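See below for the structure under consideration.
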Amino acid sequence: MANGCEGEPASCKDAALLDCAPHLVLDGIELVARTLGAESAILAIHDGPDGPGPRLRTLAAQRQGPVPVRVRGVPARYVASEETALVNFLSGGPATPTTSPPRPTDRGVGGAPTLVDNIETLAHIALIARNGAPWFRELGTPDLPGTLLVSIDGAVHTPGVVEVAAGTTVRAAIELCGGPSGHVQAVLSGGYGGAWLPATAIETPLTHTAMRAAGAALGVPTLLPLPSGACGLAHTARLVRFLADQSAGQCGPCLFGLPAVAADLAAIAAGSRDARHAHDRLRHRLDLVTGRGACALPDGAARLTRTALDVFSADLRDHLTGRPCLAAGAPMIFPLEFR
Ligand code: SF4
Numbered sequence: 006m007a008n009g010c011e012g013e014p015a016s017c018k019d020a021a022l023l024d025c026a027p028h029l030v031l032d033g034i035e036l037v038a039r040t041l042g043a044e045s046a047i048l049a050i051h052d053g054p055d056g057p058g059p060r061l062r063t064l065a066a067q068r069q070g071p072v073p074v075r076v077r078g079v080p081a082r083y084v085a086s087e088e089t090a091l092v093n094f095l096s097g098g099p100a101t102p103t104t105s106p107p108r109p110t111d112r113g114v115g116g117a118p119t120l121v122d123n124i125e126t127l128a129h130i131a132l133i134a135r136n137g138a139p140w141f142r143e144l145g146t147p148d149l150p151g152t153l154l155v156s157i158d159g160a161v162h163t164p165g166v167v168e169v170a171a172g173t174t175v176r177a178a179i180e181l182c183g184g185p186s187g188h189v190q191a192v193l194s195g196g197y198g199g200a201w202l203p204a205t206a207i208e209t210p211l212t213h214t215a216m217r218a219a220g221a222a223l224g225v226p227t228l229l230p231l232p233s234g235a236c237g238l239a240h241t242a243r244l245v246r247f248l249a250d251q252s253a254g255q256c257g258p259c260l261f262g263l264p265a266v267a268a269d270l271a272a273i274a275a276g277s278r279d280a281r282h283a284h285d286r287l288r289h290r291l292d293l294v295t296g297r298g299a300c301a302l303p304d305g306a307a308r309l310t311r312t313a314l315d316v317f318s319a320d321l322r323d324h325l326t327g328r329p330c331l332a333a334g335a336p337m338i339f340p341l342e343f344r
């Protein structure tokens, strides 16, 4: 199964890839399906009234490949693109994650073993089949060869998707989007379940190893610069609230934990009289939600929050002494809707 659902509002790379190079993705799907001896292949996408479904179905039907590719629309929700949620939905259930094991490779769609790959990976496979592995390794780093599609939004002049060699620095990738539109205080990396990177670490290379060493995450490659003047804690509170709303609400950490984490963060950013208690409660709650969900959503929200408390520690100190953030009520600058 090719996962082109992109359940991350900060990311639009899958949509860009399907728009610009749909046959490359279909080549990759057919190649992998043939290699595995698969009887069928599915391209899963978020499809709406103006979505890419009709065009992709036409293109898939025109091909004479060895394995027919069916294009299936999946609900546009954050967790719907998680691989067990996709398998659940395409097997006739709701688009919500299930506990694993079994992994989809053991029991997937309709009970059959199912390989789930992101469409960017499949496009890379198609290019490697055409041009060879040495060609692919000409760019990137030894532990992450090739290129990355990076979605960039927030405080940049021209938000969009850029293709960069793996190992390109955060700063260089942002420059390809016209550069920052003001002074940047931090960059949110790896999507809404990712991590904040302080502006001092903007020369970090875009690899899993380097981003992890910097305390951040490559994750779904997204970079969201936050301008000075915006409140990082208030933004994080809204992102955690968004994640809570997007969850399947079927596990305790999402149903109870994440709304409480978001409320604590908002209370801190507002410099409320309860801010110190909220901070103590928050640290305890972050420990409680971590590792307790059926999927990784609560862990991502906890990581996002922990890095916010570190990166915006000066703001945190101010708010704990009762000084509210003047920008706490300002509009959200990151997208909270699926594109
Ligand atoms: S952890 Fe949250 S998002 Fe994941 S399955 Fe449970 S309720 Fe759904």
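Residue numbers for the sequence shown follow the numbering used here, so the first one is 6 and each next one is one higher.
Idealized CB from N, CA, C, for every residue including glycine.
Please read all numbers here as calculations on a predicted model, not as lab measurements.
If you compare alpha carbons, which of the options is closest to residue i?
| i | options | result |
| --- | --- | --- |
| valine 161 | Ala170, Gly137, Gly172 and His188 | His188 |
| leucine 244 | Thr163, Asp24, Ala26 and Pro264 | Pro264 |
| aspartate 32 | Glu125, Ile157 and Gly113 | Glu125 |
| threonine 227 | Gly196, Ala215 and Thr89 | Gly196 |
| alanine 239 | Ser252, His282, Val169 and Asp320 | Asp320 |
| isoleucine 338 | Glu35, Pro164 and Pro150 | Pro164 |
| alanine 177 | Ser156, Pro210 and Ala46 | Pro210 |
| alanine 222 | Asp304, Ala253, Pro150 and Ala299 | Asp304 |
| glutamate 180 | Gln190, Ala191 and Val167 | Val167 |
| threonine 119 | Ile130, Pro57 and Val92 | Val92 |
| alanine 15 | Ala267, Asp292, Asp279 and Asp158 | Asp158 |
| alanine 81 | Ala253, Arg62 and Val316 | Ala253 |
| leucine 36 | Val84, Pro109 and Leu132 | Leu132 |
| leucine 309 | Ala335, Gln190, Thr103 and Gly198 | Gly198 |
| alanine 335 | Gly237, His282, Ala313 and Ala299 | Gly237 |
| histidine 284 | Ser318, Leu154 and Leu48 | Ser318 |
| valine 74 | Tyr83, Pro27, Pro102 and Thr89 | Pro27 |
| alanine 235 | Leu260, Ala332, Ala191 and Gly298 | Ala332 |
| glycine 220 | Ala313, Pro109 and Pro185 | Ala313 |
| threonine 101 | Ala117, Gly78 and Tyr83 | Tyr83 |
Evaluate residue i with the Cβ neighbour count: other Cβ atoms within 10 Å of its Cβ, from every protein chain shown; 16 or more gives buried, anything less gives exposed.
| i | result |
| --- | --- |
| leucine 41 | exposed |
| serine 194 | buried |
| glutamate 44 | exposed |
| cysteine 330 | buried |
| arginine 1 | What is shown of the chain runs 6 to 344, which leaves residue 1 out entirely. |
| methionine 6 | buried |
| asparagine 136 | exposed |
| threonine 241 | buried |
| glutamine 251 | buried |
| glutamine 69 | exposed |
| glycine 53 | exposed |
| cysteine 25 | exposed |
| aspartate 292 | exposed |
| threonine 63 | exposed |
| glutamate 11 | buried |
| aspartate 345 | Because the chain here runs from 6 to 344, residue 345 falls outside it and cannot be looked at. |
| glycine 262 | buried |
Quick one: what does DSSP say residue i is sitting in, helix, strand or coil?
| i | result |
| --- | --- |
| histidine 162 | coil |
| glutamate 168 | strand |
| alanine 85 | helix |
| leucine 223 | coil |
| proline 303 | helix |
| isoleucine 157 | strand |
| leucine 91 | helix |
| proline 27 | helix |
| isoleucine 124 | helix |
| alanine 346 | Because residue 346 is not part of the residues shown, which for the chain are 6 to 344, the question remains open. |
| isoleucine 338 | coil |
| valine 37 | helix |
| aspartate 190 | Note that residue 190 is glutamine in the sequence shown here, rather than aspartate. Strand. |
| alanine 242 | helix |
| proline 264 | helix |
| threonine 310 | helix |
| isoleucine 207 | coil |
Whole angstroms is fine: what's the gap from residue i's alpha carbon to residue j's?
| i | j | result |
| --- | --- | --- |
| threonine 295 | arginine 311 | 11 Å |
| glycine 224 | leucine 248 | 16 Å |
| proline 107 | glycine 97 | 17 Å |
| cysteine 182 | glutamate 87 | 29 Å |
| arginine 112 | valine 121 | 12 Å |
| alanine 267 | glutamine 67 | 48 Å |
| alanine 307 | proline 71 | 44 Å |
| proline 150 | alanine 218 | 19 Å |
| histidine 51 | histidine 129 | 21 Å |
| threonine 104 | arginine 328 | 43 Å |
| valine 114 | threonine 212 | 32 Å |
| arginine 39 | proline 147 | 28 Å |
| alanine 85 | phenylalanine 94 | 8 Å |
| valine 316 | valine 30 | 38 Å |
| glutamine 255 | alanine 301 | 13 Å |
| glycine 257 | arginine 286 | 17 Å |
Exercise. Is the segment 322-339 touching the segment 268-278 in the sense that three or more CB pairs, one from each, lie closer than 8 Å?
Worked result: yes
Problem set entry | Cβ pair count under 8 Å reaching 3, the segment 194-209 against the segment 224-244 | yes
Exercise. Using 8 Å as the Cβ pair cut-off and three pairs as the minimum, do the segment 116-131 and the segment 18-31 touch?
Worked result: yes
Problem set entry | contact_flag[the segment 161-179, the segment 126-141] where n(CB pairs < 8 Å) is 3 or more | no
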